[in-house]
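Only one structure is covered here, and it is reproduced in the block below.
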DNA sequence: GAAAACCCTGAAGTGAGTATAGAGTCAAGG
DNA sequence: CCTTGACTCTATACTCACTTCAGGGTTTTC
Ligand SMILES: [Zn+2]
Ligand SMILES: [Zn+2]
Ligand SMILES: [Zn+2]
Ligand SMILES: [Zn+2]
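Protein chains in written order, with the UniProt record's numbering: chain A, 1 to 147; chain B, 1 to 147.
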């Protein structure tokens, strides 16, 4: 199959497939005489695996580790288990943070129930004060935020 | 105060302060003879506001809107309220997604309780199948993920 | 007067793609 | 045979919110 067909079948944009090849997640596909990539069902399966991992919000580095095990079927899978445990931790921590955030945002929102003048807006003024009593600092994690 | 002192006082890296100036979130600071930026308490307050918004996981574009209202204290604050409502929606939606993700990851994890050979790993094989019965597709949002 | 600490600019890198531009390939219709 | 249109190719730039780096200049302190 050619790249467009694989894209269709897997629900992956063409550019993303080429990107995965550049990044070494997919092996370089063989080419036709006209320099078109051609894919086998094995390619499609591997791409499906990558996409499923991304749907589980893993980083490409995390995916790379799992692919290494797929490529070495005789290796012990202990590292797979611990990678998953860590990643579950990433997700759980992010949920905790976002819940705190949501609470803070809702109480901020309650400070301005009827619109008035910006200078007196309970939200705008509330954001100023929120910093005063020491809020949490943002950290860098890999499970994405809200936007 | 000079940039280092402002950085210290606000818990913001120096480079980030300069970045905010380039992006127009902070006004260009006046300079000393030696071309050093000098800041007033007003600058510090504005920076604190920006940082607080970032702690609430807003995008810089969302922050820009709020700053516009800070700069026009006589405007009606209705847009502030709706921006906050939308952003609360961003956060709430992301929490919902991550909860589903966590559940899926935990059930995947349960498929391999004792390590064995990669070819037989319930996790690696489970990821393959997860895609088969139609999992959720990732979307682009602004509240960051887990990593 | 020299070292240490501070500051400057401009450019490039991060992650995980997305979006162009400009060119080449291939099947079908006239 | 020629053209149209769908498909594909590479290379490059853009996204976001910074961070890091290279290569300098300034100020303070000993
Ligand atoms: Zn993770
Ligand atoms: Zn208000
Ligand atoms: Zn938002
Ligand atoms: Zn296993």
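Glycine residues also receive a C-beta, built at the ideal position from the N, C-alpha and C atoms.
Cβ neighbours of residue i in the same chain (closer than 6 Å, five flanking residues each side left out)
| i | result |
| --- | --- |
| residue 50 of chain A | 25 and 63 |
| residue 103 of chain A | none |
| residue 20 of chain B | 26 |
| residue 2 of chain B | 36 |
Proximity of residue i and residue j at Cβ, strictly below 8 Å
| i | j | result |
| --- | --- | --- |
| residue 54 of chain B | residue 146 of chain A | no |
| residue 77 of chain A | residue 77 of chain B | no |
| residue 84 of chain B | residue 138 of chain A | no |
| residue 52 of chain B | residue 130 of chain A | yes |
| residue 88 of chain B | residue 105 of chain A | yes |
| residue 101 of chain A | residue 57 of chain B | yes |
| residue 34 of chain B | residue 10 of chain B | no |
| residue 119 of chain A | residue 67 of chain B | no |
| residue 17 of chain B | residue 7 of chain B | yes |
Residues that residue i bridges to, as DSSP identifies them
| i | result |
| --- | --- |
| residue 117 of chain A | B:76 |
| residue 145 of chain A | B:144 |
| residue 138 of chain A | Paired residue(s): none; residue 138 of chain A is not in a bridge. |
| residue 37 of chain A | A:31 |
Nonlocal neighbours in the same chain, by C-beta distance under 7 Å from residue i, ignoring five residues either side
| i | result |
| --- | --- |
| residue 59 of chain B | 142 |
| residue 94 of chain A | 141 and 143 |
| residue 61 of chain A | none |
| residue 32 of chain A | 38 |
| residue 155 of chain B | There is no way to answer for residue 155 of chain B, as the model of chain B reaches only from 1 to 147. |
| residue 4 of chain B | 14 |
| residue 121 of chain B | 112 |
Chain B within 8 Å of residue i, Cβ atoms only
| i | result |
| --- | --- |
| residue 139 of chain A | no |
| residue 38 of chain A | no |
| residue 147 of chain A | yes |
| residue 87 of chain A | yes |
| residue 65 of chain A | no |
| residue 35 of chain A | no |
| residue 8 of chain A | no |
| residue 25 of chain A | no |
| residue 144 of chain A | yes |
Neighbour flag for residue i against chain A, beta carbons, 8 Å
| i | result |
| --- | --- |
| residue 14 of chain B | no |
| residue 73 of chain B | yes |
| residue 94 of chain B | yes |
| residue 184 of chain B | Absent from the model: residue 184 of chain B. The displayed extent of chain B is 1 to 147, so no value can be given. |
| residue 5 of chain B | no |
| residue 115 of chain B | yes |
| residue 19 of chain B | no |
| residue 22 of chain B | no |
| residue 76 of chain B | yes |
| residue 52 of chain B | yes |
| residue 130 of chain B | yes |
| residue 100 of chain B | no |
| residue 44 of chain B | no |
| residue 119 of chain B | yes |
So, does the region 114 to 130 of chain B touch the region 27 to 42 of chain A, judging by three or more C-beta pairs under 8 Å?
Three or more Cβ pairs closer than 8 Å define a contact, and the region 114 to 130 of chain B falls short of that threshold against the region 27 to 42 of chain A.
Is it true that the region 100 to 115 of chain A meets the region 71 to 88 of chain B, where meeting means three or more beta-carbon pairs spaced less than 8 Å apart?
Result yes; three or more Cβ-Cβ pairs closer than 8 Å.
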